[in-house]
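**Q**
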Amino acid sequence: MTRHFLTTADWSREELQALLDDAVALKANPLQSRLGGKSIALVFFNPSLRTRTSFDLGMHQLGGHAIVLQPGAGAWPIEFEDGVVMDGKPEEHVAEAARVLSRYCDAIAVRAFPKFEDWSVDREDHVIRQFARWATVPVINMETITHPCQEMALMMAIQERLGKPDRKKFVLTWTYHPRPLNTAVANSAALISTKFGMDVTLLCPNKDYLLDPRYMDLAAQYAQEQGGSFTVTHDIEEAYTGADVVYAKSWGALPYFGNWDAEKPIRDAHKHFIVDEAKMAMTNDGLFSHCLPMRRNVKATDGVTDSPNSLVIEEAENRLHVQKALMSAII
Ligand code: CP
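Numbering-wise, our numbering puts 402 at position 162 of the sequence shown, and it's gapless, one number per residue.
#1: Between the alpha carbons of P405 and I368, how many angstroms are there, rounded?
#2: May I ask you to report which of helix, strand or coil DSSP gives N427?
#3: Look up N381 in the DSSP assignment and say whether it is helix, strand or coil.
#4: Measure the beta-carbon distance from F528 to V538 and round it to whole angstroms, keeping in mind my assumption that it falls under 8 Å.
#5: Would you mind listing the alpha helix (DSSP H) stretches within the region 481-547 that are 4+ residues and don't spill past its ends, in chain order?
#6: Helix, strand or coil, according to DSSP, for V562 in the structure here?
#7: Determine contact between the region 278-290 and the region 495-503, defined as no fewer than three beta-carbon pairs at a distance below 8 Å.
#8: Give the secondary structure of P453 by DSSP, where H, G and I count as helix, E and B as strand, and everything else as coil.
#9: Return yes when the Cβ of T481 is within less than 9 Å of the Cβ of T523, no when it is not.
#10: Using alpha carbons as the reference points, say which of C531, S547, P505 lies closest to D525.
#11: CA-CA distance, E465 and L431?
#12: Near F410, which residues of its chain fall below 6 Å by C-beta distance, leaving aside the five closest residues on each side in sequence?
#13: From A338 to P317, what does the alpha carbon distance come to, in whole angstroms?
#14: Closer than 8 Å: is that where the CB of T291 sits relative to any heavy atom of ligand 1?
#15: Less than 9 Å between the C-beta atoms of W491 and L421, yes or no?
#16: Got a sec, what are the start and stop residues for the beta strand (DSSP E) K409 sits in?
#17: Please determine, among V425, M241, L412, S273, the residue with the shortest C-alpha to C-alpha distance to P378.
#18: Give me the Cα-Cα distance between G328 and P311, rounded to the nearest whole angstrom.
#19: Any heavy atom of ligand 1 within a distance shorter than 8 Å of the CB on R535?
#20: On the DSSP bridge assignment, give the partners of P311 in chain order.
#21: For Y344 and A258, what's the separation of their Cα atoms in angstroms?
#22: Please list the segments of the alpha helix (DSSP H) lying wholly inside the region 299-378, counting only runs of 4 or more residues, in order along the chain.
#23: DSSP beta-bridge partners for S550?
#24: What do you get for A265, buried or exposed, if any count of 16 or more other CB atoms within 10 angstroms of its CB means buried?
#25: Check whether the region 440-460 and the region 261-277 touch, using three or more Cβ-Cβ pairs below 8 Å as the test.
Shown next as structure tokens:
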């Protein structure tokens, strides 16, 4: 049966831990021939440094081959709507693109960010869902409205430093950024931290910055199932006090989707949410991380980013190991 990796919500904690355990083994012994003769299509609708490099190199290190495709820039633009008269820019339909790639490749990985115009549309994750519908091989999410590979790399980094994550305090803090960004990493951080039994605090400027109810509800459900907790605060001191991990991310407020000029003054008024040394001093000698790319001294200070407690480079490295474990498992 084809097993996709669209969101960790489809995978149990035990299944995810098995991937993490294999990632640790792959980190110790990186060059293996597990996927000799196999191939993966990496379909990018948006830019990338880490994701593209780590998937391509990861497949190579396992004896397989990766092909990078950028629809609309070297590959044909793709249509995703059913029953449409294709008299616009797209030259082919996902119904053909996904099935043809499935005949060539053993997996298809897709990066497709939201369009940032209408959250009720973007939250359906239409592009990757259409790939999964038409593909006859596993489809991997390389970031759409969640970023499951990033959350796995984060959890691996946490376990490497802290061991068992259960009941450790994890703070997911909104930070300022000049542009409204995707909620994908924030959604993912909420999912993985609660799924692994942490005491999770979501810190954001006000209720407009809450995540989509789908992820808020899942986080609350996982917290209950795993014996952890999931709370929301807008109070910086309350959030940081006693934190074991501080995870920073910026995102646009969902009620303002497509109306970003109205959101900008609210965002601009919260530049003080930057992760700095004074805030980290309130933590329990807490670890800091961010998915990268990250604007230094906007989201986190140089001092925090470069401190021995910073996981940013370890988390980025772990993308390679967890994705190799994932490709090994589903191909
Ligand atoms: N964190 C992450 O996905 O990085 P890239 O956007 O560079 O792939």
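Every residue gets a Cβ at the ideal spot worked out from N, C-alpha and C, and that includes glycine.
**A** Straight from the coordinates:
#1: Locating residue 405 in the sequence shown gives position 165, counting from the first residue. Locating residue 368 in the sequence shown gives position 128, counting from the first residue. Near 31 Å, if we compare the C-alpha coordinates of I368 and P405.
#2: Translated into positions along the sequence shown, residue 427 becomes position 187. Reduced to three states, the DSSP call for N427 is helix.
#3: As a first step, residue 381 must be located in the sequence shown, where it is residue number 141. Here N381 sits in strand by DSSP.
#4: Taking the first residue of the sequence shown as position 1, residue 528 is located at position 288. Taking the first residue of the sequence shown as position 1, residue 538 is located at position 298. F528 to V538, Cβ: 15 Å. No contact.
#5: 500-508, 517-520, 542-545
#6: Here residue 562 refers to the residue found at position 322 when the sequence shown is read from its first residue. Here V562 sits in helix by DSSP.
#7: no
#8: The sequence position of residue 453 within the sequence shown is 213, counting from 1. Helix at P453.
#9: Along the sequence shown, one-based indexing puts residue 523 at 283. Along the sequence shown, one-based indexing puts residue 481 at 241. A contact, by the Cβ cut-off of 9 Å.
#10: To locate residue 525, count along the sequence shown from 1; it is residue 285. Nearest option by C-alpha distance: S547.
#11: Within the sequence shown, numbered from 1, the residue matching residue 465 stands at position 225. Within the sequence shown, numbered from 1, the residue matching residue 431 stands at position 191. Rounded to the nearest angstrom, the two C-alpha atoms are 12 Å apart.
#12: To locate residue 410, count along the sequence shown from 1; it is residue 170. So the qualifying residues of the chain are S433, M438, V440, V485.
#13: Stepping through the sequence shown from its first residue, residue 338 is reached at position 98. Stepping through the sequence shown from its first residue, residue 317 is reached at position 77. Roughly 13 Å separates the two Cα atoms.
#14: One-based indexing of the sequence shown puts residue 291 at position 51. Result yes, Cβ under 8 Å from ligand 1.
#15: In the sequence shown, residue 491 corresponds to position 251, counting from 1. In the sequence shown, residue 421 corresponds to position 181, counting from 1. Yes, the Cβ-Cβ distance between W491 and L421 is below 9 Å.
#16: Walking along the sequence shown from the start, residue 409 turns up at place 169. First-last of the beta strand (DSSP E) with K409: 409-414.
#17: Here residue 378 corresponds to residue number 138 of the sequence shown, with the count starting at 1. For P378, the nearest C-alpha among the options comes from M241.
#18: In the sequence shown, the residue the question calls residue 328 occupies position 88. In the sequence shown, the residue the question calls residue 311 occupies position 71. Distance between the alpha carbons of G328 and P311 is about 15 Å.
#19: Along the sequence shown, read from residue 1 onward, the residue named residue 535 stands at position 295. Not so, every heavy atom of ligand 1 lies at least 8 Å from the Cβ.
#20: To locate residue 311, count along the sequence shown from 1; it is residue 71. Answer by DSSP bridge pairing, in chain order: A315.
#21: The residue you call residue 344 lines up with position 104 of the sequence shown. The residue you call residue 258 lines up with position 18 of the sequence shown. Distance between the alpha carbons of Y344 and A258 is about 28 Å.
#22: 334-344, 359-362, 366-374
#23: Taking the first residue of the sequence shown as position 1, residue 550 is located at position 310. In the DSSP output, where bridge partners are listed per residue, S550 has F528.
#24: Residue 265 sits at position 25 when you count from the first residue of the sequence shown. That one is exposed.
#25: no
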